[in-house]
Every structure is written in structure tokens, then in C-alpha cells.
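In the numbering used here, the protein residues as written are 1060 to 1407. For each residue, glycine too, the CB sits at the ideal point set by N, CA and C. Keep in mind that this is a model prediction, so the values were computed, not measured. Below is one structure, written out as C-alpha cells; comments come after it.
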């Protein structure tokens, strides 16, 4: 007990010390001249652009991390900003409509772009086509924004490695993503979370040859996955947690020979698993608690010889108990259910 308490204290002390050092670094950075700051945080109230920005001449600023926060009355009237060394750009938004700043087209060194809306409703984004000029962009995160078909221009980013869409209003933005149209040739990770109106995943997703991590979670209107999902030959992690209307996995899932982690927990509508799931030769972890529609497992699960952990509820553990003797390394980990949370998912 003493050792664990000491370890907890040390961990807490380390975190606290890290936070203090971070705050100190930000404070010291804010004391430097604006043109020399490595981190630059700008807050705009209404359309009151800081005077130093308006008066900026040909002298560029030296910042590497740039954060621009605007309020609900900002009308997207931008002045030019020369910051050629920026590698990470954070845009915090509160207005109903927002146009990306035109000057980002000159951010040739930009690696990370985060766009987050803190308004009551998703912010309608404009000028998304500007992002196509960011040839070195590696990570793009869009949160609580309303996407339009102009998002198609993002799919032309050849060096993008991670794309996240969190609590976004998708609408028809992804309708034209077809297999015939090349997209995001170097994407490694795709994250789609809590996009309430996502009803189907575009077939074009199956052409992402280098994709290793696919996470589609808490998308309660999603009822089907592309039949060619198995074309994602390099996929290692597939998360489908809490897609409550998803009724089945496509048969081609058996072709995901590199898959080591599969999460279908709280997929309340899945009633059966395809026989082809037994072809997942690399699968090591399977999370499936809360799959209340599942009444049986296919006998092919006995072929999952590398499967080490099944994380499920007590009811599903009984289904697996019939196959324990065939899977020597299998551990069935039973987790307690939050029945109130499950009820809310059904009602929602």
C-alpha cells in the first residue's frame, strides 16, 4: 500500500511539475517581442484585430505555434499575416459562419491544423479549398463544424497522415467520395466521432491503401459499412464503438489480415458476426461488451489462434465459454454494464 501511495504521489507530482513548467514557458514566451515569439496566442473580440497585426509590415513573425481565437460576433474579415515558419495552427471559433483566413495558403511549413467551434450549433465553414495549398500538412482536426461538399478538396492532400472529424455535421459533404476518385493517398489514421448525421461511410474510404487506424464511434445513425471494407489491407485497428444502429459487419472484414484490434462494443443492433471473422489471423483483442442483439458466435472463431483478450459483458462471455478450450491463450474479461447509459443510447 505504501509503495502504491508513493507511486501515485510521484505521478501526481510529475504531472503538476509538467503543468507548471508549461505555464512558465508560455509566460516567458509572452514577454518576448511579438515578432520573436515561438508561441503566439491571439484573441479577437468582435472585429478588433490587434493593432500590431494591422500595422505589420514586410517583417514576418517567427512563431511556430499560432492560436487564433474569435468570438461569436467575428465576421471573418482578415488582415494579411506573414508567419512563414508556423508548424501548428489552432483556430478557436464561436461564430455561426466562419471563413478560413486567406493567409494560410502561404503557411508552407504547416504540419498541424486544428479547427474547433465552441458555439451552440456547428459552425458553417467556408474557404475550405485554401487547405489544399498546405502541401506539408500531416494532421487535420475538425471539431463541431458543419461541412459542405467543398471538403472534397481536402481529399487531395497527398501528405496528410491523420484526419479527425469530431461532432461534425456531415450532411452531403462525403457523397462524392467514390473508389474511382483517388483520395488521401498517405492517410494512416481516420477518426470520425459523434457525427450525429453520418448514415453511411463513403465507398471511397476503402481506397485508403495505407490506412492503419479507423475509428468510427458514437455515430448513432450509421447503419452500414462499405462492402469493400476488406480492401483496407494495412488496417491494424478498427473501432466501431457505440454505433448503435450498425446491424452487421461486411463479409469482407475477413480480408483484414493485419487487424490486431477490433472494437464493436455497444453496437446494440449487431445480431450476428460473419463467418469470415475467423479469417482475422492477426486479431489479438476483441471488445464487444453491450452487443445485446448477438445471440451466437460463428464456429469460425476457433480459427482466431492469436486472440488473447475478449472484453465483453457477462451475457456475451457465456457465448465465448464454448470455445475457450479451442483457444489456448484466450482470456475472457467481463466488464460491468452501465444499464442507464445503454438505455440512453437506445432512446437517443
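Residues sharing a beta bridge with residue i, DSSP
{"i": "residue 1162", "result": "DSSP, once it has assigned bridges, lists no residue as partnering residue 1162."}
{"i": "residue 1147", "result": "1124 and 1171"}
{"i": "residue 1392", "result": "1370"}
{"i": "residue 1107", "result": "1104"}
{"i": "residue 1283", "result": "1259"}
{"i": "residue 1132", "result": "For residue 1132, which the question treats as bridged, DSSP gives no partner whatsoever."}
{"i": "residue 1224", "result": "1201 and 1251"}
{"i": "residue 1356", "result": "BP columns for residue 1356 are empty, so no partner."}
Reference residue i; option with closest CA among the options
{"i": "residue 1151", "options": "1182, 1206, 1191 and 1136", "result": "1182"}
{"i": "residue 1373", "options": "1256, 1366, 1394 and 1250", "result": "1394"}
{"i": "residue 1146", "options": "1169, 1158, 1132 and 1126", "result": "1169"}
{"i": "residue 1386", "options": "1392, 1360 and 1378", "result": "1360"}
{"i": "residue 1292", "options": "1299, 1264 and 1282", "result": "1264"}
{"i": "residue 1033", "options": "1232, 1280, 1199 and 1289", "result": "A query on residue 1033 cannot be resolved here, the shown segment of the chain reaching from 1060 to 1407 and no further."}
{"i": "residue 1176", "options": "1209, 1142, 1130 and 1165", "result": "1130"}
{"i": "residue 1223", "options": "1299, 1303, 1173 and 1139", "result": "1173"}
{"i": "residue 1134", "options": "1123, 1285, 1125 and 1157", "result": "1157"}
{"i": "residue 1343", "options": "1358, 1368 and 1332", "result": "1368"}
{"i": "residue 1171", "options": "1184, 1268, 1377 and 1125", "result": "1125"}
{"i": "residue 1003", "options": "1245, 1221 and 1268", "result": "Residue 1003 is absent from the model: the chain starts at 1060 and stops at 1407."}
{"i": "residue 1160", "options": "1194, 1190 and 1370", "result": "1190"}
Beta-carbon spacing of residue i, residue j below 8 Å
{"i": "residue 1276", "j": "residue 1306", "result": "no"}
{"i": "residue 1327", "j": "residue 1297", "result": "no"}
{"i": "residue 1287", "j": "residue 1317", "result": "no"}
{"i": "residue 1101", "j": "residue 1120", "result": "no"}
{"i": "residue 1227", "j": "residue 1260", "result": "no"}
{"i": "residue 1278", "j": "residue 1257", "result": "yes"}
{"i": "residue 1108", "j": "residue 1138", "result": "yes"}
{"i": "residue 1299", "j": "residue 1330", "result": "no"}
{"i": "residue 1217", "j": "residue 1247", "result": "no"}
{"i": "residue 1143", "j": "residue 1106", "result": "no"}
Endpoints, the beta strand (DSSP E) within which residue i is located
{"i": "residue 1373", "result": "No beta strand (DSSP E) holds residue 1373; the alpha helix (DSSP H) holding it covers 1373-1380."}
{"i": "residue 1346", "result": "1344-1346"}
{"i": "residue 1291", "result": "No beta strand (DSSP E) contains residue 1291, which DSSP labels as neither H nor E."}
Limits of the unbroken alpha helix (DSSP H) element including residue i
{"i": "residue 1110", "result": "1110-1113"}
Go through the region 1298-1332 residue by residue and report every complete run of the alpha helix (DSSP H) that reaches 4 residues or more, in order.
-> none
Note down, one range per segment and in chain order, each beta strand (DSSP E) of at least 3 residues found wholly within the region 1240-1276.
-> 1248-1252 and 1272-1276
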